[in-house]
Amino acid sequence: MDGLTTVLWQPAVSIIVLLTASLFIWVIGEKGEKAVTAISASAITAALLFLAPLSPYVLAGHVQVIRYSILPPFGLSFRVELLSISLALLFLFTGLVLTFYTGAYPLESGKRRFRTVFLFVLACSVGVVLAGDLLSLFLFFEAMSLSFFILVIHNREQETISATFKFLYMTIGGSVMYFIALAAVFNQAGELAWRDGGIMTAGGPYTLLAFIGFVVAFGMKAGMFPLHLWMPDAYGQAPAPAVTLSSMIMLKTGAYGILRITHHIFGIDLLRDVSWHNYVLVLAVISILYGSSCAFATRDLMRRLAYSGIAQLGYITLGITMLTPDALTGGVYHIMAHAMMKGTLLLCAGAILAKTGKRNIDDLAGIGWKMPFTMICFSIAALTAVGLPPMNIFISKWHLGLGALDAGQPLLLVVLLISSMLNAAYYLPIAIAAFFGERNHDLHEKLSWDRLPLGMSLSIVVLTVGCLAFGLGQINIPLQWARAITAGFFY
Amino acid sequence: MFISPFYAILVPILGGGLIALLKEEQDGPRNALAVFISILTFSIVAPTLPLVLTGEQLAFTAVRISGGLSIAFRVEPLGVIFAILASMLWIFSVIYATGYMSHEHHRRRFFTFYILALSATMGVAFSANLFTLYIFYEYLALITYPLVIHEQSAEAYSAGTKYIIYCFASGALVFLALFTLAGIGGSLTFSPTGVLASAVADNRLLISVMFFVAIAGFGVKAALMPLHSWLPSAMVAPTPVSALLHAVAIVKTGVFGILRIMFYIYGVDTLRELGVANILAIIVSLSIIVASVLAIKQTKLKSRLAYSTIGQLGYITLGATMLSPYGLIGGISHIVNHALLKIVLFFCAGAIITQTGATHLNQMAGIGRRMPYTMFFFSLASIGLIGVLPLTGYISKFYLLSGSLQAGKPILGFVLLTSAVLNSIYYLPIIISAYFTEGSYDKPNGLESPPSMFFPTAVLTVFCVLFGVFAHYTTLPIVNLVVTNIFQ
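Respectively, the protein sequence lines represent chains A and B. Numbering that gives the first Met the number 0 puts the first sequence at residues 0 to 490. Numbering that gives the first Met the number 0 puts the second sequence at residues 0 to 487.
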């Protein structure tokens with residue numbers, strides 16, 4: 000708590016600004032796309048400008064907890080530290096890119112509602128990572144999860160409605176599990192706020208109940224097997240911007256939650272004692288392998304990206320549950336790297352879907368000549384996913400591998416290798432077929448675009464650069480941050 | 000001496016009398032008078048809150064009857080919670096009723112008894128002993144009968160008959176318990192630590208049996224299964240009646256009576272000694288689950304809300320049976336939280352009925368187009384009942400769950416969570432169907448329902464959020480006081 004005596008207003012104000020902008024969009028949304036994009040972009044930029052200057056403070060290792068005495072039993076609290084600020088900045092940055100994409104994306108009717116809820120979900124996800132205790136996190140987590148369904152159901156067809164119900168009921172189930180975990184922690188520890196080393200002191204039935212509850216709630220959000228069932232259908236039905244929001248941002252809150260409870264509610268000493276983290280580790284491995292295999296098997300592009308997301312989030316969860324510093328560095332770095340890679344893939348897929356109406360991979364042969372820009376970026380992202388240098392996912396996998404050796408689990412290296420090969424197997428053929436496959440002659444265009452709208456192409460470029468940035472070379476800022484975050488947890 | 004239960008009871012009686020004198024066509028004066036009376040009653044009652052928070056309590060004796068019985072009132076924390084809740088919601092309901100009833104018949108009769116019922120509720124809230132509580136309990140049942148049969152259709156009359164039979168049976172059970180316990184224990188004056196401690200040793204079986212008799216008596220009004228079936232039938236009454244009386248006032252009188260019996264006649268120690276709370280916990284758990292399951296099968300909106308009420312009322316009693324401080328905090332705060340949330344739901348249902356005529360859920364596809372804000376209020380209140388932050392329902396859930404763990408009975412926590420999941424199964428499809436399915440509704444011209452109905456709903460929805468976020472300043476202080484007094 001040194002270095003700053005004033006109470007930091009930035010977390011609360013940033014979230015309030017985002018929420019207010021969301022309301023604003025609802026009120027004036029009929030006035031036009033550009034206005035809506037302007038409001039969203041300004042609000043997100045404002046939040047970025049509020050939070051970014053806190054970087055030196057948090058990089059120096061300072062932590063501040065801000066508490067407001069509303070919301071019983073302990074009030075609403077935020078915690079400013081490196082992990083929360085870096086994730087908030089990542090979410091805001093990717094959210095900003097996505098805002099421009101969404102503004103240009105041809106959504107069917109109800110665009111005002113979509114963009115209102117979009118910004119609301121973004122605001123809540125920032126709230127999740129900035130929250131300082133289990134109840135505050137729950138507030139934002141539930142708001143984010145429950146309102147997301149409005150984005151899923153956007154198309155209102157029958158299949159969409161059943162996908163939405165699946166999503167909703169699973170989310171409610173997760174919330175119920177979280178709630179009992181919350182009560183169990185309250186009962187055992189008497190408090191709910193993050194503390195270094197954890198607040199639960201001993202294993203026991205209520206502690207186990209709490210652990211299971213959190214793992215279910217956060218794991219479901221992160222698409223962890225076997226709680227991933229909502230993802231493929233939701234991703235298949237929701238509009239591309241919503242899917243991207245989920246992949247880049249919402250899923251990460253689940254992984255973040257697991258990270259947080261591992262270190263700041265249960266503590267790694269307790270977990271090493273009871274070995275519960277191993278079960279989650281196993282589930283992460285299953286997620287990686289299962290997700291990759293299902294991705295390989297499906298021919299629908301969006302569903303393939305969904306299953307791939309399950310696998311990729313598995314990497315992050317793996318990094319967290321290995322309980323070694325390098326693994327955590329890899330996992331945290333992957334939060335950023337995956338957002339870039341998956342974001343690019345999804346934005347390209349969305350562009351393809353919007354322009355041609357095709358979502359089946361077999362229909363995409365030869366599309367590289369009709370949409371060269373899109374497919375080049377897609378290919379770059381596909382190569383990134385495989386984990387080849389100079390793309391930055393190589394770095395996450397490298398650290399995960401180191402962590403696996405540290406943890407004495409060389410088998411996990413094999414898992415990483417297999418999944419990288421599967422990544423190649425289900426991404427590269429799409430790119431290859433796009434350029435070198437039989438040109439699909441009845442690839443009629445749904446829209447008469449000569450080129451993609453600027454909002455869409457710019458966002459794709461930014462994220463593609465993100466895949467390449469910091470891949471090689473001495474200066475790797477995200478890696479430094481990831482290392483610093485890990486240092487904060489393993490001291 | 001302006002703060003007095005006497006005034007709180009007398010003002011609505013006089014008001015009801017004045018309303019009865021106005022002619023049927025004099026809607027303007029009658030509506031204004033009704034609203035004024037309810038606001039006046041609330042302002043009489045409201046100052047009791049700061050009063051009891053300082054620790055002070057006021058006692059009044061009206062009439063002494065032989066045999067140690069008396070009609071007496073006391074201003075103390077639990078009674079204050081109920082009185083303020085009821086009188087506050089009465090204001091909104093009267094305003095709502097002026098809009099709802101504007102096209103109905105027999106308005107003079109309606110408002111007369113609607114206001115008189117307020118006096119009965121105040122009497123229940125401020126009763127200082129079981130005999131007084133019984134008197135006002137019976138008075139409430141009689142006064143609300145004309146409201147239940149208001150429509151005067153065959154269905155209404157049969158619902159009314161069922162209602163009055165159940166009420167008299169419940170009264171008889173309460174009277175039996177009252178009579179017996181007075182014989183054993185002497186005074187029936189409520190005390191937070193119970194009054195039967197000395198009598199338990201000699202009359203253990205009798206006292207245990209009387210516990211269930213008394214709980215059954217009040218359990219009828221509290222819609223405890225299997226004594227609940229008057230409530231779904233009573234949904235035939237106009238929605239202002241359903242909203243206030245059957246979601247807020249009458250059923251809360253029932254749970255209020257249960258709490259009085261459990262903690263102010265028996266007391267925590269006696270209950271622990273007799274071991275009766277566990278049996279009641281089982282009965283209530285079953286009631287909660289079965290009611291929630293039955294709610295899913297209902298196709299009429301008001302019936303679904305009725306079964307939801309039956310389940311949610313169980314939470315209050317369940318919290319009480321845990322015999323743990325957190326559990327009781329959860330249970331008592333749910334009296335307030337459920338009332339707020341449920342009244343919003345009923346107000347929305349009433350608006351839907353008057354504006355579109357839709358009573359069945361399959362008629363409500365796409366109704367979000369015609370009534371977007373009303374369905375938004377409905378959505379917020381529904382997720383509040385499911386327990387979503389920051390609406391006020393989560394607080395009860397949190398304390399109830401913590402209480403079940405504190406009492407070492409996690410199974411009760413699972414009952415609550417199962418009920419929460421069931422709640423979502425019967426509320427969420429309504430919301431999705433309203434907004435996201437094709438229907439035959441058009442956009443509204445102007446305000447989607449009359450202002451007298453729309454604005455109370457809106458304000459109360461905001462309250463649902465404010466009471467959650469600012470619970471430290473609204474309900475929790477006084478609930479904590481009640482619980483501290485009980486678990487000394």
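Backbone N, C-alpha and C define an ideal beta-carbon position, used for all residues, glycine too.
For this session: For Arg63 (chain B), write down the residues that DSSP places opposite it in a beta bridge.
Result: B:Ser69
Exercise. In terms of residue numbering, what span does the beta strand (DSSP E) encompassing Gln479 (chain A) cover?
Worked result: That residue, Gln479 (chain A), is in no beta strand (DSSP E); its alpha helix (DSSP H) goes 476-488.
Exercise. Between Met114 (chain A) and chain B, is there a C-beta pair that is closer than 7 Å?
Worked result: As written in the sequence, residue 114 (chain A) is Arg, which differs from the Met given in the question. Judged by the 7 Å Cβ criterion, Arg114 (chain A) is not in contact with chain B.
For this session: Would you mind reading off the limits of the beta strand (DSSP E) that contains Leu75 (chain A)?
Result: Residues 75-79.
Exercise. Per DSSP, which one or two residues make a beta bridge with Ser126 (chain B)?
Worked result: Looking at the DSSP assignment, Ser126 (chain B) forms a beta bridge with B:Phe72.
For this session: Output the residue ranges of the alpha helix (DSSP H) runs that lie fully inside the stretch 207-260 of chain A and measure 4 residues or longer, sorted by chain position.
Result: 229-236, 239-244, 250-260
For this session: Check each candidate in B:Phe210, B:Ile8, B:Gly216, B:Pro145 and name the one with the smallest Cα separation from Ser169 (chain B).
Result: B:Gly216
Exercise. Of the choices A:Met247, A:Gly365, A:Trp275, A:Tyr332, whose alpha-carbon is the least far from that of Ala481 (chain A)?
Worked result: Taking Ala481 (chain A) as reference, the option from A:Met247, A:Gly365, A:Trp275, A:Tyr332 with the minimal CA-CA separation is A:Tyr332.
Exercise. Since Gln63 (chain A) sits in a beta bridge, which residues does DSSP pair it with?
Worked result: A:Val79
Exercise. With 16 as the cutoff for other CB atoms within 10 Å, does Asp132 (chain A) come out buried or exposed?
Worked result: Per the 10 Å Cβ criterion, buried.
Problem set entry | DSSP three-state assignment for His262 (chain A), whether helix, strand or coil | Of the three classes helix, strand and coil, the one that applies to His262 (chain A) here is helix, per DSSP.
Exercise. So what's Ala201 (chain A) in DSSP terms, helix, strand or just coil?
Worked result: coil
For this session: Please confirm if Val482 (chain B) has its CB atom under 7 Å from at least one CB of chain A.
Result: no
Exercise. To which residues does DSSP link Ala130 (chain A) through a beta bridge?
Worked result: A:Phe77
Exercise. Would a C-beta distance cut-off of 7 Å place Phe140 (chain A) and Val127 (chain A) closer than the cut-off?
Worked result: yes
Exercise. With Phe546 (chain B) and Ala71 (chain B) assumed to form a contact (beta carbons below 8 Å), what rounded beta-carbon distance in angstroms separates them?
Worked result: An answer regarding residue 546 (chain B) cannot be provided, because it is not within the stretch 0 to 487 covered by chain B.
For this session: Mind checking which residues open and close the alpha helix (DSSP H) that includes Pro371 (chain A)?
Result: 371-385
For this session: Give the C-beta separation of Phe528 (chain A) and Ala424 (chain A) to the nearest angstrom, bearing in mind that I take them to be a contact with Cβ-Cβ under 8 Å.
Result: Examination of residue 528 (chain A) is not possible in this model, given that chain A is present from 0 through 490 alone.
Problem set entry | Backbone CA spacing between Gly402 (chain B) and Tyr314 (chain B) [nearest angstrom] | 12 Å
For this session: If I'm right that Phe125 (chain B) touches Arg63 (chain B) with Cβ under 8 Å, what's the distance once you round it to whole angstroms?
Result: Phe125 (chain B) to Arg63 (chain B), Cβ: 17 Å. No contact.
For this session: Please classify Met0 (chain A): does DSSP put it in a helix, a strand, or coil?
Result: With a pLDDT of 41 at Met0 (chain A), under the threshold of 50, the predicted position of this residue should be treated as unreliable, though the coordinate-derived value follows. Here Met0 (chain A) sits in coil by DSSP.
Exercise. With a Cβ-Cβ cutoff of 7 Å, do Ser346 (chain B) and Tyr95 (chain B) count as a contact?
Worked result: In the sequence under discussion, the amino acid at residue 346 (chain B) is Phe, which differs from the Ser named in the question. Yes.
For this session: Tell me whether Asp201 (chain B) sits in a helix, a strand or coil according to DSSP, three-state version.
Result: coil
For this session: Examine chain A for any beta-carbon lying closer than 7 Å to the beta-carbon of His333 (chain B), and answer yes or no.
Result: no
Exercise. Do you know offhand how far Glu67 (chain B)'s Cα is from Ala176 (chain B)'s?
Worked result: Note on identity: in this sequence residue 67 (chain B) is Gly, with Glu being the wrong assignment. Taking the straight line from one Cα to the other gives about 16 Å.
Problem set entry | chain A contacts made by the stretch 400-411 of chain B, where a contact means CB separation under 9 Å | Leu400, Ser401, Gly402, Ser403, Leu404, Gln405, Pro409
Exercise. Out of curiosity, what's the CA-to-CA distance linking Ser144 (chain A) and Thr170 (chain A)?
Worked result: 7 Å
Exercise. Going by alpha carbons, who is nearest to Gly431 (chain B) out of A:Leu18, A:Val151, A:Trp229, A:Pro409?
Worked result: With the sequence shown as reference, residue 431 (chain B) is identified as Ile, and Gly is not the correct amino acid for it. When each option's Cα is compared against that of Ile431 (chain B), the closest is A:Val151.
Problem set entry | 8 Å contact criterion, which Phe109 (chain B) and Met121 (chain B) should meet: CB distance rounded | Not a contact, Cβ separation roughly 20 Å.
Exercise. For the 8 Å Cβ check, are there 3 or more pairs between the stretch 381-389 of chain A and the stretch 409-423 of chain A?
Worked result: Touching, per the Cβ criterion.
For this session: Please determine if the stretch 204-214 of chain A and the stretch 179-186 of chain A are in contact, where contact requires at least 3 C-beta pairs separated by less than 8 Å.
Result: yes
For this session: Report yes if the C-beta distance between Gly342 (chain A) and Thr243 (chain A) is below 7 Å; otherwise report no.
Result: Yes, they are a contact pair.
Exercise. Quick one, which residues of the stretch 136-149 of chain A are near chain B if we go by CB-CB under 7 Å, in chain order?
Worked result: The stretch 136-149 of chain A vs chain B, Cβ under 7 Å: Phe137, Leu138, Glu141, Leu145.
Exercise. According to DSSP, is Ala192 (chain A) helix, strand or coil?
Worked result: strand
For this session: Just grab the DSSP bridge partners of Leu57 (chain B) for me.
Result: B:Val74
Problem set entry | Which listed residue (B:Ala181, B:Cys166, B:Gln311, B:Val343) has its alpha carbon closest to that of Ser332 (chain B) | The shortest C-alpha to C-alpha distance from Ser332 (chain B) to any of B:Ala181, B:Cys166, B:Gln311, B:Val343 is the one to B:Gln311.
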